[in-house]
Amino acid sequence: MTSASKKIVIALSVILAVGAIYFAFFKPVGEAADPTASDAQQAEELSSVYLSGLKTLEGETVEMDENKLIFLNVWATWCGPCNMEMPGIQKLYDKYKTHEKVAFYIISDENAETVNPFIERKGYKLPFYQYAGAYPPSLNGNAIPRTYIIHKGKILAQEIGASQWDRPEITDLIDRHLADI
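Just so you know, we're using the UniProt record's numbering here: the sequence shown kicks off at 1 and counts up by one.
Laid out in structure tokens, this is it:
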């Protein structure tokens, strides 16, 4: 390979690396609201992160409270990475479970007959829910686990794949936003 060819390959590699870093760290979590959109359109966009038809494992329908800071985790009993992150979610929940401005939604499309034995065997005391509907575009994805921290229709943080949810960065993020509520 000639010296000029090497320089071209290096330059292209640097451009690709910079582009990959940009999209990895500066990817927008959602589209900004159109300033010319009607109030109805903006309200629909705001509520597009909230799930309608969410059910407790006892079958009761619940509505997500837009006035609370929401921790939403999508998981499955058969998912290894989901199981790996669940103890950290339990610790985070234990820290905030009595806080009136925080709500946790641990959501699976599996039925109670599948989820309840798992919960009992593992000893989790989390608020588990069932959701079998279509996810809004801002929460859509095929990967699990996927987790979102949401407030007032805005995704404050999201993670696709397993994470350690009781780490200081997460509690700091939650505490900062709770101070503003």
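Every residue, glycine too, gets a C-beta built ideally from N, C-alpha and C.
**Study point:** Inside the stretch 82-148 only - beta strand (DSSP E) runs reaching at least 3 residues
**Key:** 102-108 and 128-130
On a CA-only basis, which of Glu110, Asp94 and Leu92 is nearest Cys79? Give me that one, please.
-> Position 79 of the sequence shown, counted from the start, is the residue given in the question as residue 79. For Cys79, the nearest C-alpha among the options comes from Glu110.
CB of Ser52 within 8 Å of CB of Pro137, strictly
The count along the sequence shown starts at 1 and reaches residue 52 at position 52. The count along the sequence shown starts at 1 and reaches residue 137 at position 137. Result no, Cβ atoms of Ser52 and Pro137 do not sit closer than 8 Å.
How about residue 215 and Asp175: do their beta carbons lie closer than 8 Å? Look at the range of the chain in this structure, 1 to 181, and you will see that residue 215 is not part of it.
* For Ala103, count neighbouring C-beta atoms within 10 Å of its own C-beta (all shown protein chains included) and say buried if the count is 16 or more, exposed if not. => As a first step, residue 103 must be located in the sequence shown, where it is residue number 103. When all chains shown are included, Ala103 counts as buried.
- Can you grab the Cα-Cα spacing for the pair Ala179 / Val115, in whole Å? The residue labelled residue 179 in the question sits at position 179 within the sequence shown. The residue labelled residue 115 in the question sits at position 115 within the sequence shown. Distance between the alpha carbons of Ala179 and Val115: 34 Å.
Does the stretch 66-84 come into contact with the stretch 143-151, if we say contact requires no fewer than three beta-carbon pairs (one atom in each stretch) closer than 8 Å? yes
Per DSSP, the bridge partner or partners of Asn73: If you number the sequence shown from 1, residue 73 lands on position 73. Looking at the DSSP assignment, Asn73 forms a beta bridge with Ile106 and Thr147.
What does DSSP give as the partner residues of Thr61 in its beta bridges?
In the sequence shown, counting from the first residue as 1, residue 61 sits at position 61. The partner list for Thr61 (beta bridge, DSSP) reads Lys55.
Cα-Cα separation, Ala143 to Ile155: For this step, residue 143 is matched to residue 143 along the sequence shown. For this step, residue 155 is matched to residue 155 along the sequence shown. In a straight line, the C-alpha of Ala143 is about 17 Å away from that of Ile155.
*asked:* Rounded to the nearest angstrom, what separates Ile181 and Leu173 at their Cα positions?
replied: Counting from 1 along the sequence shown, the entry for residue 181 is found at position 181. Counting from 1 along the sequence shown, the entry for residue 173 is found at position 173. Each residue's alpha carbon lies about 13 Å from the other.
Taking C-beta to C-beta, are Tyr124 and Met86 nearer than 8 Å?
Counting from one through the sequence shown, the residue named residue 124 turns up at place 124. Counting from one through the sequence shown, the residue named residue 86 turns up at place 86. Their beta carbons are under 8 Å apart, which means Tyr124 touches Met86 by this criterion.
Can you give me the Cβ contacts of Ala17 inside the same chain, cut-off strictly under 8 Å, excluding the 5 residues immediately before and after it?
Here residue 17 refers to the residue found at position 17 when the sequence shown is read from its first residue. Model confidence at Ala17 stands at a pLDDT of 49, short of 50, so the residue's coordinates are unreliable and nothing is read from them.
### Message
Taking DSSP's pairing of strands, which residues face Gln158 in a bridge?
### Response
Mapped onto the sequence shown, residue 158 falls at position 158. Beta-bridge pairing links Gln158 to Tyr148.
| field | Run of the alpha helix (DSSP H) containing Thr171, from where it starts to where it stops | value | Indexing the sequence shown from 1 puts residue 171 at position 171. Here the alpha helix (DSSP H) through Thr171 covers Pro168 to Asp180.
Worksheet entry | Same chain, Cβ closer than 6 Å to Gln164, neighbours up to 5 away in sequence not counted | Translated into the one-based positions of the sequence shown, residue 164 becomes position 164. Same-chain partners within the cutoff: Gly88.
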